[in-house]
Each structure stands twice: as C-alpha cells, then as structure tokens.
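2 protein chains.
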Amino acid sequence: MNLQVNSSVHPYSIIIEPGSRKQLYEYIIEQTKKHPTSFLVITDDCVADLYLEEVLNSFPNHIRVETSIVPHGEKAKSFQQYENLLTAALQFKLDRGAMIIALGGGVVGDLAGFVAATYMRGIPFVQVPTTLLAHDSSVGGKVGINHQLGKNMVGAFHQPSLVLYDPELLMTLPEHEWRSGFAEVIKHGFIADKEFLEWLRRNVTSFQHWDMNILSEMIYRSIAVKAKIVEEDEKEAGNRAFLNFGHTLGHAIEAELGYGEITHGEAVAIGMKFALAVSEKVFHVNLNYETYLKMLESLGYDLTIPDVNIHKLLDRMKVDKKSYNQSIRFVLLKEFGNPELIEITEEILLEELSMKKGG
Amino acid sequence: MNLQVNSSVHPYSIIIEPGSRKQLYEYIIEQTKKHPTSFLVITDDCVADLYLEEVLNSFPNHIRVETSIVPHGEKAKSFQQYENLLTAALQFKLDRGAMIIALGGGVVGDLAGFVAATYMRGIPFVQVPTTLLAHDSSVGGKVGINHQLGKNMVGAFHQPSLVLYDPELLMTLPEHEWRSGFAEVIKHGFIADKEFLEWLRRNVTSFQHWDMNILSEMIYRSIAVKAKIVEEDEKEAGNRAFLNFGHTLGHAIEAELGYGEITHGEAVAIGMKFALAVSEKVFHVNLNYETYLKMLESLGYDLTIPDVNIHKLLDRMKVDKKSYNQSIRFVLLKEFGNPELIEITEEILLEELSMKKGG
C-alpha cells in the first residue's frame, strides 16, 4: 500500500508493505530518486538485536552504511545522545549527500530526524518505524528531543524522504506498546473518520493475533488521516492542533507520573475519555462514545485518571507547547469527525477532573 | 534604507538606519506585523555593556522582555551555550508566540537564530547586527553552532522576521573587526558587482573615519548582492555556493591556526587572493586584480598564507561542508562578477599553495 504526502518542501511516499525491511535499499533508491553518498542507520539496542542485520543485508556491498545504536526508551531523546550522534556523523565523515535512516519507534525517529534536520543544516532521512505508535510520529516531519523542563521542547520540522512501514516488525511488540500506538489510531477515527472508528470496533478485538491485511489496512487508514491534516497545516498553525485530541491532559499525566510510568498512548486514552466528557458538557451534545470506551477497556486500557494532584495537572496543561499566554486550549468534539480547538476555563477543567478522578 | 528578501518561508525586510536601535520595538511591530507575547534578547557581554540598555529602553513598559547574555567570541557557539539558552527560554516560559532578538555579531546571530529555529520547533527571531561581518551572516537564514570537529557543522535554515541594521553600532568596532567584515563586502563585489568593487576602491580608504552615508550605502549594496543570491538559492543547492569565494582556503586557514588567531574575514581575504590566482591559471585569463589587493593591504590586511603545513590545509579543504565525496570544489572567477564552482585537483592546489606560501 502506498500513500503520498505533499509537504511544502518535497512530496514523499509512505509505503506499507510486509517484508519490505529486507528490500530497504531498493525502496529508498526507487522512491526517493536519490543516490546517497553513504548512509547512517540510527537505531536502539532492542531493535538492533531483532532487525538490524536484515536491514543492513538489504544494502549492496559497495554502498557505505554506518550504524549508531542508542539506548532504548524515552531517555535517548536527550541533548547528550543528540550530540553523540552528531559527533558520530562527523567521525564517519558524512557529507551533505549522505542519508540517515531512523530504524525504530518514535524515540529513534524523533532523535534521528533531529540529527538529520541539523547536521550540516539538514540532510535527508528515511523513517523505518518499528512500532505502531510510530505510524503517527513518523509522518508529518516533527522531530526533536526532550528537555528536563518539558518533552519535545527542542526540535524542528524536517520532512522525511520516505516512510517505509513493514508491519511484520510489529510482531515482536509487547502488549503495552500496542496499546500505546492504538490510542493514536482510534484518535484519528475520533477526529476525522467516523467510519474508520466503526471499522476498528469490528476488526480489532485483540492485539495478540493479527491478520496482516487488517493490520496493514489499519495503519494505512490511520496514516491517511494524519497525512491529510499535516498536508493542510504543516507547521501547526491551524487544524494540525486537532491531532492533539486527548493530548493536553495525556501529556500532563505522562509528565506528572514521570515518563515511562505509563505509555504515551495509554495516557492519551485517558485524555481522550476526559476530552469526550468535556465535549459533551461544553457543546451540550450526546456523543454516544461509551461503546468505544468499552472497546478500549476490553483491549486492556485503564481509563481512570491516575491518583495525582489535579492542580499540578492543571499547571502542566498551562505550559503545554500549544498554549498561548498560559490559557488552556483543548481539542473537543462537536460530533465524531468534527473537532474544534477552544479555550477552556480552569473552573470547568477542575470540576471535571475532580469528578472523574478515581472514578 | 530598506531591502526586502523574498524567502520561501516568508518575505522579510532589511532596514539600514542610523539610530534605529533606539526604536527597535516600533520597527519590529511595524515591519513584522507580529505582536509577540514576549521577547528574549540574546546578546554577548561586550555588546550588553555598550548597547543593551538603549535597546531595552525602546520597549514599552507593559511588554515582557527577558535577557540572556552569553560570553563574547566564537566559543559561545557551543552545545553548552545552546542548551543553556533553551533552558533559559523554558524558565522564562516563552511560548510559541514569543520572539527572540539576536543583538550582536555573527556569533550571537548564529547561536540565537539556532535557538529560535529549534525552540518548540521554531519561533520567530529578529537580527540586530552589531558588526560589519554580521551584514553577511544576518541575511539568508543560516543559523547554527560549532562542533569540536568542525565549524558550523550543526544548524538549520531559519529566516529572520526582520534584520535591523543600525550602522552607528559599528562605531565601537576595533580595526580587525572592520577588516573581518570588509572582506565579505569586497567579496560581494568580486562575485557579483564589478561597479561596486570600483565604488569601494574610491570610497573606502580607511576604517577610522566613516561618513555615515557612505557606510550605510556600502552595507546596503553589499547586502543587496547577498540577498539576491540567497533568494535564488535558499538552501544552497546551486548559486549560493558562489558566496563561498575565498572561503575554502579561508576556512582551512582559520581552522588550522585555531579559531580566534585570525579573524574570519582576514582569512577569507587570503583565500580570495589565492582563488584569484587559481582562477587566472585555470581559466587562462588576466583579471587585473592587483589594484584590489593593494587596496586591501593599505587597509591593513596581511594577505600572506600563514606558515602552516599545506598538506593539513588540503585535508581540511576536503572535509569542508561544501565538499562531496572528499573532492575539493572551488569558487573561481572567469571575470569579476562571473563566478563558477569547479572541482580542482589536489595537484594544482598543492602547486599553488607551495608557490604562494610565505610569498
């Protein structure tokens, strides 16, 4: 399956194809029309153990391919790793005709993408996502690292030259990683595709056993929503903010619990449940979303707001990247597929948070 | 005087106006049509002592203006200062509606610009150059920091929202700083404007006593050359490389001597003399450039290639950002105003270097 994203910088393809990791080099040459002078594969230790060899074997012998392996997990999105990778690129004497390959989940994609964005003021890079969550982060060109004062606070927009998705890579994912990624899948249904939402309810009943066709179609349809939105609003000046549905509270929960205590998607799922409730209140509508909450719960999600101080959650929501002048802006739904970005008063949020917490 | 640069991202103005530092805030609002939520002025300790107060006084009381001061000199373009400034921006709780003001020379412009390029994936910034050299670096959107393995190896393209040039700020510059900046001025004449070259010879006979009109016109005409080239080739895929005239050897000399031992422009001047000689040889032309070398010497330039190992110079030229596959590409002149980028063999370079060195 093949999607095209028409970014303002250059169009690029998203290929979703089981087994494609074994032909990575061919896909790159065919799809990007580039002939890089050399390659640097950036991956993490877990992915390296599983898939690095297969990926490297796809390159002909005469092509120079270097490898840098970072530790797995969010902590790799640090200034230190960023600087280390730039040093490695310089030591490998990569020139501006070189290409970086991000082989991994969202962390590797963001980190390697930021290295590509800033090495010699920008060289091309290719995303090879290995998680379901990365179906979201690998499209749209957002790259960056974390700062101790906030996640993703340092970064750039740097569009990939190609996204090559091999769904077979997901077969080794643990359950919580599926949950983390699937929250973004269902989010795309909520904000833009009511039919997809229903398709998901019918077709995804377990993360244990996948039909490769269903998995590929799910990734395709979810990416299609994301791709359309980022095409229309590359630099997040307008509609791209809708992708933040469930994320304002989700990010605050992640940060307050401490990163790694809960996966991104599991926190976003809690945030979506909350945003759905606030939506009904603010717009005086009945969204009938309970059936989807049940679906999420049957897939193992715990949708209860964790036992943290709600005033601290509120403070964190105020310093979100999307906030202006410390007001809190929320993505809410008038109906499925019809999101709106609006300012919410602290009072409404506090009231809802107090009501929902622990129940 | 007013120039407009039509960058692909957004058009921006370059204002050259004596005394304008005292109306910085008004110029920003008028020219950028933005109303930033707050400002962060980034400057260095030397500039802060001289001009920070005047600049800050241009802001109305109700506008929030924060200040970060870095040490002066090339060493400030480090990962450490970069991270410190991002931390400061987060501590000041700057949101995406904030604006960064780079008040300083090329170092401050590059560093502050890179912070602006990557803070929350990019916020607007304004260049307020305080050196002659910065007339070059403040236009075109190149921002970045140094790596111990190479200068400007980490960075981005991030276009300023405004360049506000107050030539009065240059009156406190030491002689070698004038020389550093003027090399880029005359370079613009060499590569693109023969008439300007002649105008310079007639009008610039000393860096001690300036007529403010002559100085403003010189900056204007030199920036006009730069602006036209970067408009045509924003991301350095083609003609922008012509701006590298004199820089291939210049950079190598700077790096080999150790940064700070010779100013950028003084090294570039040596590089231009060398490139002129190589041009005559390669193109079998007579450029009659001696009159301009004399002019430079009368302005205090030492155009002799310093006593360093020429094989080391050659190695450094090979790892230049502009090089591909370790070949050496040089900007040469067929005639004044008619540059060409061509690959030069090591043999020709070695021969010329051996001949010119120390003589």
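Chains as they are written, first to last, in our numbering: chain A, 77 to 435; chain B, 77 to 435.
Cβ atoms here follow ideal geometry from the backbone N, Cα and C, with glycine treated the same way.
In this text the structure is predicted, and so the values were computed from the model without any measurement.
Taken in chain order, the complete alpha helix (DSSP H) segments of 4 or more residues contained in the segment 146-213 of chain A are 155-167, 182-194 and 210-213.
Annotated three-state conformation of B:T119 is strand, per DSSP. Collapsing the DSSP output to three states places A:E93 in coil. Using a Cβ distance threshold of 8 Å, B:T207 and B:E253 count as a contacting pair. Of the candidates B:E244, B:L161 and B:N279, the residue whose Cα lies closest to the Cα of A:H223 is B:L161. Here B:A210 has G181, G182 and G185 as same chain residues with Cβ atoms under 6 Å from its own Cβ, once five neighbours each way along the sequence are excluded. At the C-beta level, B:V239 and B:S214 come within 8 Å of one another. By the C-beta density criterion, A:P415 is buried, having at least 16 other C-beta atoms within 10 angstroms. The CB of B:H223 comes closer than 9 Å to the CB of E159, L162, T163 and L166 in chain A, given here in chain order. Residue state for B:P136 is assigned as coil, using DSSP reduced to three classes.
Per DSSP, A:Y241 lies in no alpha helix (DSSP H) segment; the continuous beta strand (DSSP E) that holds it begins and ends at L238 to Y241.
DSSP, read as helix, strand or coil, puts A:T113 in coil. A distance below 8 Å separates the beta carbons of B:E307 and B:N82. Proximity of chain B to A:V395 at the Cβ level (cut-off 9 Å) is accounted for by L166, K169 and D171, in chain order. DSSP, read as helix, strand or coil, puts B:L79 in strand. Within the segment 228-244 of chain A, the residues whose Cβ lies closer than 7 Å to some Cβ of chain B are M229, V230, G231, A232 and F233, listed in chain order.
About 16 Å separates the CB atoms of B:L132 and B:A174; that is not less than 8 Å, and the two are not in contact. For the 8 Å CB-CB criterion, A:E332 and A:R392 form a contact. Proximity to A:I105 across A:N362, A:A328, A:V85 and A:S134 peaks at A:S134, based on C-alpha coordinates. Beyond the five residues adjoining it in sequence on each side, A:K263 comes within less than 8 Å, by CB distance, of L319, F321, G322, V344 and M348 in the same chain, given in chain order.
Under DSSP, B:R405 takes part in a beta bridge, and its partners are B:E419. The closest CA to that of A:K394, considering only B:F258, B:G217, B:I295 and B:K169, is found on B:K169.
Flagged as an interface residue toward chain A: B:M196, by a C-beta distance shorter than 8 Å. Closer than 8 Å to the CB of B:G216 there is not a single CB belonging to chain A. Listed in chain order, the non-local C-beta contacts of A:E142 below 8 Å within the same chain comprise S114, F115, L116, V117, A164, F168 and L170, local neighbours out to five positions each way being set aside.
In this structure, B:E274 lies away from B:D212, with their beta-carbon atoms at least 8 Å apart. DSSP, read as helix, strand or coil, puts B:K227 in strand.
Given a length threshold of 3 residues, each whole run of the beta strand (DSSP E) inside the segment 229-284 of chain A is given here in chain order: 238-241. Ranked by how close their Cα comes to the Cα of B:H86, the residues B:Y101, B:R97, B:E93 and B:T108 have B:T108 in first place. Under the Cβ criterion of 8 Å, B:F406 is not counted among the residues facing chain A. B:I290 is classed as exposed because its beta carbon has fewer than 16 other beta carbons within 10 Å across all chains shown. A:T380 and A:K432 have their C-alpha atoms roughly 8 Å apart. Using a Cβ-Cβ cut-off of 8 Å, B:F155 counts as an interface residue toward chain A, since at least one Cβ of chain A sits closer than that to its own. Contacts between A:A193 and chain B, judged by CB atoms closer than 7 Å, involve A232 in chain order. Under a 10 Å Cβ-count criterion, A:L126 is classified as exposed, with fewer than 16 other Cβ atoms of the shown protein chains found around its own Cβ.
DSSP places B:S292 inside the alpha helix (DSSP H), whose first and last residues are M288 to E308.
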